[in-house]
Structure formats: structure tokens, C-alpha cells
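To keep things clear, I will list the structure first and then write my remarks on it.
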Amino acid sequence: MSLNDQRERERAIDITESFIVQAPAGSGKTGLITQRYLNLLAHVKNPEDILAITFTRKAANEMRERIIEALVYAQNSIRNPELEPTADKAHEHKTWLLAKQALEQDKTNGWQLIDNPARLRIQTIDSLSASIVKQMPLLARFGAQPGIEENADEIYQKASQAFITSVLRHRQHQSIEPDLLQLLKSMNNQVEKLISLFKTLLSRRDQWIRHFVTNSRLLDRHSLETALSDYLSHKLKDVKQSAPEQAGDTAFQLLQHVYQHQDRLPDNPLAVSHPVSRLQDCQHWPEANSDNIDQWIAVSEFLLTGKGQVRKSFRATEGILPASKMKNKEDKQLAQQQKIWCQELYEQLQSYPGFIELLAQVKQFPAATYSEQQWSNVEALNNCLTLLLGYLKLEFQTQGKVDFIELSQAALNALEDDIGATDLAMKFDYQIMHILVDEFQDTSHGQYELLRLLTQGWQPDDGRTLFVVGDPMQSIYRFREADVGLYLECRQSGLAGIPLKPLVLTTNFRSEAGIVDWVNRAFKQVLPEKENAMLGAVPVSLADAKNDNREKAVEFIHQLNADSSFQAATILSLVKSIRKESPQDTIAVLVRSKSHAQEAILILKENNIPVEAIEMERLDQRPMIKNLKSLTRFLLNPQDGIALAALLRSEWCGLSLSALQLVFQSTAPWLSLCQCFELPTSNHLKSKSSTAEKILSQLSVDDTKRLNKLYEQLTPFVSQVEKYPLVTQVKAAWYALGGAHMHANKRDLNDAEQFFNALSDKVSDKPVINVAELDSLVERLFSSPDSIDAAEPSAKFLKEPSAEFSKESSTELSNEFSTELSSEHTQKSAITPAVKILSIHKSKGLEFDQVIIPHLERKPKNEDAQLVLWQELPSRGQRKDNFLVAPMKTDDQTDDRLYQLLGNINKAKQIYENGRLLYVAATRAKKRLYLLAQSKVKDNGEELSVALPDKSTLLSQLWPAVESQIEQQIKSYDEPDVTETVAMTSSAQLNRIKLDAMIDLLPVQLSISKTVDTLASEQSPEQTSDSESPDFEWASDNAALIGNLVHDYLQIIAEQGIELWTSEKIQQLKPVFKHYFKQQQVALNDIDYCVERCVKALNNAIDDDTGRWLLSRHEKAQSEFSLSTRLNEQFKTFVIDRTFIDEKGSRWIVDFKTGYHAGGDLESFYQSELERYQDQLTTYASVIRQMESRDLRCALYLPMHKKLLEYKSI
């Protein structure tokens, strides 16, 4: 039986034409590319004339293997005709014929491809870039060929830090200093935040460098404002086209009437800024152009509520005459007429939800021009970015490594210079006749540009072809800068002048008909109806199932008000059922986020079900790796008490808690151990101290043996700390402690190998290594999966440590665990496959018999704010003003609207990608698909309803397809019987240290200061005071912690609105406060006291009239306001607790002080507080006076005393 898309498949291997192919999930894309490649081999002069580009090494290897396998099979069939596939196997037969023709060309030209597969030019796009750069390093602007850093976050971080430090601390670029200070001011002087934002910009520079730097578009204000104006006009056109005529007649008849009779309002007249006043000259819907934005915003404000819904009732605040307050008959009649129009208007608008949705968006539209503050920020950013890129290149040179973006940019430089195509580009133009691109939907702008340069010399009908394959419905790598809009634009207009004929495959060879039918039905509702390249909106492409099994194959399992264990228990039940019915079926649990998988992993393991969790567990969360990090810290610094304590409690020693507490009574625990066992670490240490004797006298026999053994094993490495490479020492010590023997399974050995490799690569050549570097060493690495198929540790890793550290025992252990591994490997057999648990992104390209997708209702992590947002608009002929840029918000709230506009575009892109992510997950299933979700029930007292899922969730995408099922659930809803769910969970116990056995370490002595050092180490005014501290309560460490917590919550109260805070709400925070003080290691008997003091301070603040006034909303109010100034030629940052402008125009600077005086003579206490902090407040005032000229009032506020202390002379 021929396929429905057979004609398209046959056209796709026509090597005389260029195509763009849409190949949905399971459509046999790789087989199609293989056939075209074989057909090309049968006609080209050299195999190097063909270039195939993939995005992963795995895909490149698979394509090469497919082609060689086809050639080998064809060769074998020539020798043995019985191997020739029959004609009823159409695909296999076609592949065989093409392979035979390719072999004939191979034989004619003597290629010997089977023996020389390297002649097949099949590369990842990154390896292609590297090969281009290698051929022309000078044009690429590289010197020696650098290494490639796959995770360059550390490089971005260092470059950003070096840039800021050189400008502000070393003052090497004084022309840039004002620009950087301006950006820092917009960050509230948070240097670390600015470094983080710069780091993010560098990681995405392939998107903006061609706009901001190469073409200098960031400084073309006219072009940017023209693009913004055109975009807003286009959006307003959509609004006006959807606007109902009848409702417009009613609305503007009402508006004119309201404006004419506003003098009859109780509080007349209406303000000039009132929507009615702004619309006084409008007779109907305004024209759809950016000049009328304010009028459209006024329409939105008048017709819609703050939540974007049609205003059901109009009040006097909207300009409507209140009938109840009208005194004469005429006024009452006018009010009645307005009421009738309001009711008609509400009924008319209710029928146009699309218009209402668009009109609600208008309310947040920005002006069509930049404010001076915004443009100043744009200019500052442009100046900083140019220099920041320079520091990034310096960091690349220092490390001898580049990232993939730099490699791609270098390849572009090698192919095109200021004049045009380079000699290398000409060479490629001559060599390459045919290009095939796989997974084209995942192309980024930089990769698209590379393809453009490779084909820039191609002419129509010159015999060269471009063949790109992908599925826009499976574009899910936006976080890697993939832009599905490029695929959509190429399908419409071709690639750089090369017309591409679109083909669509429809046959699904993977999934059974029941799944294919459900996907077709569901995703017609999930994916958008219309295509939009800018937003990445991709409509569904319907598929045909190859088989006819149309039994129900998809199950949506949804529960109302489910407890936290519901979905994990359901997964366990499903897996057991599948294992019983089809033990050899492959099962996959696909999750959107790693956190969504943890409960499932735990419950499956507890029930002894094999699990292969792929990149689900971070390496640094593994107990063995934690111990290795502690061992490394200890060898770097034996006086590191935390590292030593961890080693003593690890499985390598297993010291009891009582013994650990005894050892750590000493201020130098390691030295005390040295004295205990009479192996001095220095010449002056000759005899036991009293501390050592005390320790030995109180240790049990077992603890003494354990300590002595650990000491003997570690001493050789501590005494030679400078002699050998760090990684050699740590690995040898690990062997000596028995680590390799205790962790002889493949997973642990692979994890250990990853740790040692990271240690060798990242810190081995550094003279000084800090704890933070060790903590970040493996933060992006993942533990090997629990699977019998896990890779073997390398032979190099299993090799015995260097002879200087070896002992007989470590050699025996190495041999022993190597033998165990070999034995385990040979005992593999055909057993039930493990349940695979992996992210949806990792599952792309894979298939499984049974697929479970849990937690559709959970939200992903919010995207971080960016220093600048940008958006490329669809091209319009030859015009180049198609680029939007929005800097981060300024102090002017209206300036934030442009940033929000571009932010909303990004949100829309993400929501569309969420639909595609769900499609990818659903189409991994071959036999059965299970979708799991839960929702909360809302009870308004009259009826029950289901809370709608958040728009960012996958359940929100699926909602139109399952809403009817959920509505049926709510009709028969009853409180769930939680005992059933609980019964499904495992009774297995977690191994953990009992709570009553945990040791309380001594609290860390904290140095609390209100001054935040950023680029200078100078002391704050508080710290430079020569006066002795008065003997009041604030002098204690606990009081400093209380002060910190109270400050934090006073900021929260002010930002959320004091009207939302009550004494009851503060009482509910007691558990939070208690947890905070426990984390800060406050003595247990002091915690309740500290909690009560916090509660009292906050209650006083919200009860006190002065406190409420301070925390209420004021003009330009800020809490924890950071500001910078230059002191002694260095920049200093201060934090003001509360500042605002009062009703009389005075600026208040208020510092909160949580001190308390319980005795008499309160006036002396108040005076001492004023004197103590006078220098601090004077500094604040002087900095503020540099920023503005207005009356300043400085004060301290003591919530414990409900007292405002104002300075008279500052």
C-alpha cells in the first residue's frame, strides 16, 4: 500500500531541485536524508562536493552510519542476491537501489567510501565552523587554534568583572565611567546584579552583536523610533479592525454626553488627564496610528477595569452622573440616559472577546518615542558593550579557549570581510555543490548567516542544490537561541535568494493510530491557527498513521485537590501495570523540569524498580562527591574545620558525634590530632598538649582507632602539599582512604572520574583556590544514570595512583574493584529495561513504547530580567527600520512600558513554544501515552469551579482539549480519600542521621554593617567612629540578626502596601523567623526571644501612626535604596532604609534602628542614638544633595519604642 505522502517523498530525492521539507515526528526524516545523500553520491564528481550539516555529533554519526550501512548492504547483496530487498518493502528497496548506484560511482572514481568513510563530509555546524577557522586563522582573527569551552559561564563572569573593575576601581577608561555609572544606578547600585546581566548578554551576543556593534543600529535613534512607531501602528490596526461599529457608536455617544455634562458631577470638573477629557474630540474609534496611542489608551481605561475586563458598572470616577446624588429632575434624567448607554455598551462589548483582549493590551502601550532618560541608557549601554566585548576577547586569549559563539563569529569573519566574500568563501563556493541541513527548525541567526555565506555565490539553475529538513512543530530550543521564525521565513521566501520548494511529510511510522488521531485532534486546539514568524506561532500539521490500530491509546489522568504524592504514586501504579502486561516494553517518564522527577525517582527506587535517570541528579548532590570536595578542601588547608568535620563523619572514618564534638572543642582540631598521635607536622611540635591529652582520655577505643587510621592515611599527603599536582594528591588520598573500594560500582566510579577531570581541567594550574571555586567545580555536571548500560570508567581513571602515594592496600583495592567491574559487565543479560526518566528536551529524537508525562500543571522557572530587550521585526522590502530595543526600566514608571512591550513579545514566544514542547513529549510514544495533572477546586460558597492553570504551564496548553473532561469531574467532585493514595506509597525508610543525634556547632561570629562594599574596601561611617559603643542592647550579635530580619520585612511591608499587613499576618510568620534564626546558628534557648522581638518591632511599626506614615506610599518612595559616591578616589555604595518625598516636597532620609532600652532615662538613650548615627546620616544627605536640590529631613525610626528621632542640623 502506497503512502499518502509518497509523491512528496519521491520529489524530495530529486537532486535537481532545492527543497524545504517539513518532517513531523515519526515521519522517517533520517531515512529520507539518507536516500537523497545516496542519490547525490551517484551523480557527483567527488564525495566532498556534498556537505551535510547536523546540530549534534550523535545525529552526524547516525547519518554517516546509515549511509555506510546502506553501501555495505548493497555490496553484500551484489555478492549474495538473496539479500536483495523485495519490492513490497518500498523504502528499503529504494534505499538499496540508490546505494547500488552510489557504489557504481564509487567504483568508477575509486573513492572506496566503505574503507574511507571520512570522505563523507557530514559535520555538526560547530565542527564546520572550526574547520573554516582552521583554514584561515588570520581572517578569522584568531592566532593559534584555541580550544572550545562548551560551558563558558565562568569566562563571561570574569570578563564582566574585569570590565567593571578596570573602569570603576582602576579608572582605566574614564570616558566610559559615566556610562557605566548610569547603568549601575539603574540597577540600584547592585554591582553583582550588573555583572550577572552583562554575563547573560555575553552568552547571547550572537543575537545582538550584528545589530548593536556590526551595523551600529543601537545608535540610530530615528530608525529605532520609526520601527517602534510602525509596530505600534500595526498593533492598533489590529485593534481597530476588531472593534465593533455599534459599540463604538454607543461608547462615543456616551463619552460626548459625559464631557458635556461634567459640570453636574459632585466633584466637577474632570481632570485634564481623565480619559473622558482626552477623548473630547473623538466622534468614533481613533485612527490606527501611533500618534493616537494616548487616545486608544484612554479608550481602554474608560471601557475596561484594571484587570482588563469590560466595565460592568460606571461610577462618578469614570465621569458618569450618579442618579442617587442628582437633586433635580433634569439631572436625574441625564443620569438615567447615561445608565442606559452604559448597560447597552456592556452588552455590546461582551460579544467581542477578541477586541477586549487586544484593547486590554493597549493600556500598556508605550509612547512611540524614547524618553531622554531611556535614550541616555541606550547610549550608555552601547558604549559599555563595545568595551565589554574587548574584555571578553582578552579573557578568551588568557584561557586559550573560545565558546561556540566566538567560533561561529570567527567562521563568518573568515568567509566575509569589509569588501565582500573572501578567498576561502570562493574556495567553498567552488567545492560545495550540494548542502543538506538536518533539524533546520533549530537554526539560530548566527548559523543562518553561515549558511547564507556558504551559498552567496550560487546562481539559479547552476546545478547546485540546498535541501533543508525539519519540523517547526518540534522547535523547542529557544533557550539556545534557536528561532523557528527562520524556518517559516525560508519556507515563504527561500534562503538568501535561493528558492526552496516546500514539501510536507504526513506519514507517522512511529506511533499507533490511536495516538496519532489524538495528537491530530488535541493539537488542532493546542497550536495556533495562523502562522507568525516573529512570534514563532506554528500551526499543526496533521499526520497519517502507518498502522490501523485505533484503540484508545491516550489517557489523561487528572485529580482535583490531589495531595503531593498523587502523581508519584500514579506513576508507580502505571509502571507496575505495564511491567505486568508487557515486561519488555520501554517506559519513559518525561518531565519539563528536573524537580518534577524527584518524587517519581524516589518511589520507583524504593519499590526496587530499575531506574535510569538521565541528567536528573546533579553531581554535586552525590554524597561521594561531597566527600571528595571536603577531602580537596582539607588537603588545600588542613585547618579548614568544616572540611575536617565532614571527613571525620564520612564513611572513610565514621567518627561518633560525641567524639567529633570532643575534637572540635579545640580551636585547631587538626593540630590537636597531630599531637594526639605523636606525628608532629612541624619541628616545634614535640609533645602532647593538655588538649590532646584530654581528647585521648575521653575517646572510646573504637573512635581512637578510627581517628588514628584516618590520621595515618592523610598525613603523607598533608606533609607534601606543595610537592605534587592537586588532582594527583586528592586521587591518591581517595584510594588510600578506601574510596575506590567503597564505591566500586560503575556509577560511582564514573562520577568520581568526572570530578577528577574537572579538578584537573579547572583548578590544577591555579596558585590559589578558594572554596567558591570548588563549589562551582561540578555544578553543571550530572551523575551517571543508574543503569547496567552505563559507560565503563576509562582505563586511565582505573590506573593505579602515582607511586609516591601508593600503598599495597590501594593497589589490591584497585585490582579488586576492577575485577568486580569486569565480572559485572560479563553478567549482563536480557533483563527488563529500566524506566528512563529524562527531560522533554533530552527526549527529542527518541521513542518509547509507553510514555508518562507528569506534572503538566507545574510552572517553569521565571525568566530573569535582562539589561536590554530587543526584537527583530519582519522585513518590509528594502527598509531597515525593523528593529526594536528597550533598555531596562528607569525611575519613570511610564518608561517601563517599552520594556514590558518587548517582554510580552518574549512571553508570547514562550507560550507558543510550550505548545510545541508538549507536542514533542506526546509524540515520543509508540503504544501508549499517559498525561498526568492536578488542579485546585475553588468554592465561592454557591458552586464549585476549577482554578484555571497558569498560562506558562503545559496544562494551560492542553486545557482546550481536556476542559470538558475536567468539567465532568467537578460536577461529581467529592473530597478525595487520601488513604488510597497514601497506601500506594512505599513503606521503605530513608537512611538518615536521627535528629536527636545532630551536633550543634558554635555560631559563626557575624560582622553586620548597613554599608555595602562594592568596589572599595573602605570602612563605613559607622565603622570609623572612634567613640565607644554605648551599653545598650544593639551591641549584641543576636540584635544584629534581629535588625537584619526586621529591615527585610519593613521593606516587604512598604513594597506590598502597609494596608495589606495586620498583626495576625505577622504572627503567622513566626515559623519563618524561627527557621531564619536556626540557620544563623543562634543558640536554641535564645531563638524564641529573637522571634518575639521581631514580631514586636513589626507590630509596633504597623500600629504606630508615624510608622504607618513612613511605610505608606509616597512620591519616589524607595526602601533599601542603594546609592554610590566617590570617597578617597574610590566608589562607595550605601543603603538607605527608607526615603521618599512628603506632601510638602521635602525629601526624607530615614534609618531604622531596632535597638531597645528597657531601663529609665530614655532621653539619654535617644540622644546617644542620634549622636552615634549622625555621621552616617550626614553622608547619606551629602550624596542625595549631589543628585537633587530640595529640602532634606533626616531621622532615625525606632520601632521598638515607636519613636521618630529627627536631626535638626543635617
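Going by UniProt numbering, the first residue of the sequence shown is number 1, and it counts up by one from there. In this text, a Cβ means the ideal position worked out from N, Cα and C, and glycines have one as well. All figures in this text were calculated on a predicted structure; none of them were measured in a lab.
Beta-carbon proximity list for residue i, same chain, < 8 Å, skipping 5 on both sides
i	result
Gln-910	Arg-478, Glu-863 and Ser-952
Gln-333	none
Continuous beta strand (DSSP E) stretch holding residue i: start and end
i	result
Leu-1205	1203 to 1206
Trp-870	868 to 872
Thr-54	50 to 54
Pro-502	501 to 504
Val-778	No beta strand (DSSP E) contains Val-778, which DSSP labels as neither H nor E.
Trp-1148	1147 to 1152
Tyr-724	Where Tyr-724 is concerned, there is no enclosing beta strand (DSSP E), given that its DSSP letter is neither H nor E.
Leu-931	925 to 935
Lys-836	835 to 839
Arg-558	Sequence inspection shows His at residue 558; the Arg mentioned does not correspond to that position. Here the beta strand (DSSP E) through His-558 covers 554 to 560.
Residues of its chain near residue i, where Cβ-Cβ distance is below 6 Å and the 5 sequence neighbours each way are ignored
i	result
Gln-957	Val-526, Asn-914, Gly-915 and Leu-918
Gln-338	Ile-320 and Leu-321
Val-946	Ser-935, Ile-966 and Ile-970
Ser-1112	Ile-1058
Asp-896	Lys-889
Leu-673	Tyr-711
Exposed unless 16 or more other CB atoms sit within 10 angstroms - verdict on residue i
i	result
Ser-809	At Ser-809, the pLDDT of 36 sits below 50, so the modelled position is not reliable; the number obtained from the coordinates is stated separately. It counts as exposed.
Val-529	The sequence given here places Glu at residue 529; Val does not occur at that position. With fewer than 16 Cβ atoms within 10 Å of its Cβ, Glu-529 is classed as exposed.
Met-616	buried
Ser-1063	exposed
Leu-574	buried
Gly-1159	exposed
Asp-1151	buried
Val-701	exposed
Ser-564	exposed
Arg-79	exposed
The alpha helix (DSSP H) enclosing residue i, as first and last residue numbers
i	result
Arg-747	746 to 762
Ser-313	Ser-313 -> no alpha helix (DSSP H), and no H or E assigned at all.
His-93	90 to 109
Ser-1107	First, the amino acid is wrong: residue 1107 is Gly here, not Ser. 1105 to 1111 is the extent of the alpha helix (DSSP H) around Gly-1107.
Gly-514	513 to 526
Nearest-angstrom Cβ-Cβ length linking residue i and residue j, presumed shorter than 8 Å
i	j	result
Ser-233	Ser-290	5 Å
Leu-255	Val-276	6 Å
Phe-1121	Asn-188	7 Å
Ala-482	Thr-443	7 Å
Glu-1055	Ser-1119	6 Å
Leu-873	Ala-227	6 Å
Trp-844	Val-937	As written in the sequence, residue 844 is Lys, which differs from the Trp given in the question. At roughly 35 Å, the Cβ-Cβ gap does not stay under 8 Å, so Lys-844 and Val-937 are not in contact.
Ala-411	Leu-349	Contact doesn't hold; Cβ gap of about 55 Å is too wide.
Val-540	Lys-524	5 Å
Residues near residue i by beta carbon distance below 7 Å, same chain, minus five either side
i	result
Thr-570	Ile-557 and Leu-932
Glu-17	Thr-465 and Lys-501
Asn-549	Glu-512, Ala-513 and Gly-514
Arg-278	Asp-294, Gln-295 and Ala-298
Ala-496	Arg-452, Thr-455 and Gln-456
Cutoff 8 Å: residue i Cβ touching any chain D Cβ
i	result
Asp-106	The question asks about chain D, but that chain is absent: this structure has only one protein chain.
Proximity test, residue i beta-carbon vs the ligand SAM heavy atom, cut-off 7 Å
i	result
Ser-129	Summarising the ligand content, the structure contains no ligands, and the ligand SAM is consequently not present.
Checklist line | Given 8 Å, three or more beta-carbon pairs between the region 471 to 489 and the region 438 to 455 | finding: With a cut-off of 8 Å, the region 438 to 455 and the region 471 to 489 count as touching, because enough Cβ pairs lie within range.
Check: Just checking, does the region 144 to 155 make contact with the region 395 to 412 on the three C-beta pairs under 8 Å criterion?
Finding: Contact holds between the region 144 to 155 and the region 395 to 412, because three or more Cβ pairs, one in each stretch, are under 8 Å apart.
Check: Is it true that the region 641 to 655 meets the region 618 to 633, where meeting means three or more beta-carbon pairs spaced less than 8 Å apart?
Finding: They touch, by the three-pair rule.
Notebook entry, point to check: Would you call the region 12 to 29 and the region 423 to 431 touching, i.e. three or more CB-CB distances under 8 Å?
Noted result: No, the region 12 to 29 does not touch the region 423 to 431.
Note to self: Using a Cβ distance threshold of 8 Å, determine whether the region 51 to 60 contacts the region 88 to 101, with at least three qualifying pairs required.
What the structure shows: Not touching, per the Cβ criterion.
Next item on the list: Count the C-beta pairs between the region 374 to 390 and the region 182 to 196 that are closer than 8 Å, then say yes if the count reaches three, no if not.
Entry: They touch, by the three-pair rule.
Notebook entry, point to check: Should the region 851 to 869 be called in touch with the region 322 to 331, which here means at least 3 C-beta pairs below 8 Å?
Noted result: Contact fails: fewer than three Cβ-Cβ distances are below 8 Å.
Checklist line | Inter-stretch contact at 8 Å, needing at least 3 Cβ pairs: the region 199 to 213 / the region 1137 to 1147 | finding: By the Cβ rule, the region 199 to 213 does not count as touching the region 1137 to 1147, because fewer than three pairs are nearer than 8 Å.
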